[in-house]
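Position 69 (the first sequence) corresponds to 73 in my numbering; numbering is contiguous.
For each residue, glycine too, the CB sits at the ideal point set by N, CA and C.
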Amino acid sequence: MQGENLRKGTWLQEEDEQLTSFVARLGERRWDSLAKVAGLKRSGKSCRLRWMNYLRPNLKHGHFSVEEEQLIVQLQQELGNKWAKIARKLPGRTDNEIKNYWKTHLRKRAQAQQGDFKYKLEIATQEVNQKSIDMDSKNCKHGNVWCQDSEWETKDSSSTDTLSLSDWELRSSPYETRILDWIAELQNGYGENELEQDCNSTGTCNYYPQEFDEGCDSWDYSGSLWDMN
DNA sequence: AAATCGGTCAACCGCGACTTT
DNA sequence: GAAAGTCGCGGTTGACCGATT
């Protein structure tokens, strides 16, 4: 189609009605021809997009359910920014809608969660390292067996700028409890080189021990992941 | 009340893949 | 097999609107 006199921008109700009518007659194909036949001053592409993202029957509009949100995040982690593929798993949702929703809601939340996770992990690692130094200096580690909690407390417990694992806030959720498990493993000899790095297409990376994700459905912990209040 | 800012989302653009001629 | 046409996808833009200053 020639570029002259083509309308752009927001669709009018008359245009929507016309497009709907002609798609019903001619089917969802040959969008350039359809636009011409329908007398729409729109490109075929524009018509297709309007139909696919707005006029198509059985489209859902409005708020995403918690289940949909979880599915989007899960699929985004698995597939990357393959919005069309993700959309196929969510009946009634369009790739555009999911893409927008990811950008405006979920990405920030995921990053906040991830940032919070990294921050806590950093503190935890430092804490574990510090404990390790303290323990070793006191000959408190026997092979892979560590001292009892009471002996951890030999470190100055009155200090307010040092976290105590016993009352550490990371225990507040199942997801975070897993971090404690990991830290326990760190105490048993995991080093940094055992950390698995998983970078997705957005450039953000997850770090976890190699065993972390095996046989583990992260959505078991969705409660903590999504409770951001 | 006006200006500014930030979030949201519909629509556009460019490009690669696929289909048709 | 090549060229032209069409489709589908992901990234980006810009208009709109409510919140904040």
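Output the distance between the C-alpha atoms of residue i and residue j, rounded to the nearest integer angstrom.
{"i": "Arg234", "j": "Glu101", "result": "The question about residue 234 has no answer here: the residues shown for the chain are numbered 5 through 233."}
{"i": "Tyr105", "j": "Arg60", "result": "19 angstroms"}
{"i": "Gln17", "j": "His65", "result": "17 angstroms"}
{"i": "Val41", "j": "Glu82", "result": "42 angstroms"}
{"i": "Asn9", "j": "Trp15", "result": "15 angstroms"}
{"i": "Gly7", "j": "Gln22", "result": "Low per-residue confidence applies at Gly7: pLDDT is 46, beneath 50, and the placement is therefore not dependable, though the value from the model is reported in the following sentence. C-alpha separation (whole angstroms): 20 angstroms."}
{"i": "Lys103", "j": "Trp87", "result": "6 angstroms"}
{"i": "Leu44", "j": "Leu38", "result": "8 angstroms"}
{"i": "Lys49", "j": "Glu71", "result": "32 angstroms"}
{"i": "Gln53", "j": "Asp36", "result": "Before going further, note that residue 53 is Leu rather than Gln in the sequence given. The alpha-carbon atoms of Leu53 and Asp36 are separated by roughly 12 angstroms."}
{"i": "Ser47", "j": "Ala91", "result": "24 angstroms"}
{"i": "Val77", "j": "Leu63", "result": "20 angstroms"}
{"i": "His109", "j": "Arg11", "result": "31 angstroms"}
{"i": "Asn85", "j": "Trp55", "result": "22 angstroms"}
{"i": "Pro95", "j": "Asn57", "result": "13 angstroms"}
{"i": "Leu30", "j": "His67", "result": "32 angstroms"}
Could you check if residue i is buried or exposed, using at least 16 other CB atoms within 10 Å of its CB as the buried criterion?
{"i": "Glu32", "result": "exposed"}
{"i": "Glu19", "result": "buried"}
{"i": "Glu73", "result": "buried"}
{"i": "Thr98", "result": "buried"}
{"i": "Val27", "result": "buried"}
{"i": "Ser69", "result": "exposed"}
{"i": "Ser25", "result": "exposed"}
The alpha helix (DSSP H) that contains residue i, what's its start and end?
{"i": "Asn100", "result": "Asp99 to Tyr105"}
{"i": "Phe68", "result": "Run containing Phe68: none; DSSP gives neither H nor E here."}
{"i": "Ser50", "result": "Gly48 to Arg54"}
{"i": "Thr24", "result": "Gln17 to Leu30"}
{"i": "Ala39", "result": "Trp35 to Val41"}
{"i": "Arg92", "result": "Trp87 to Arg92"}
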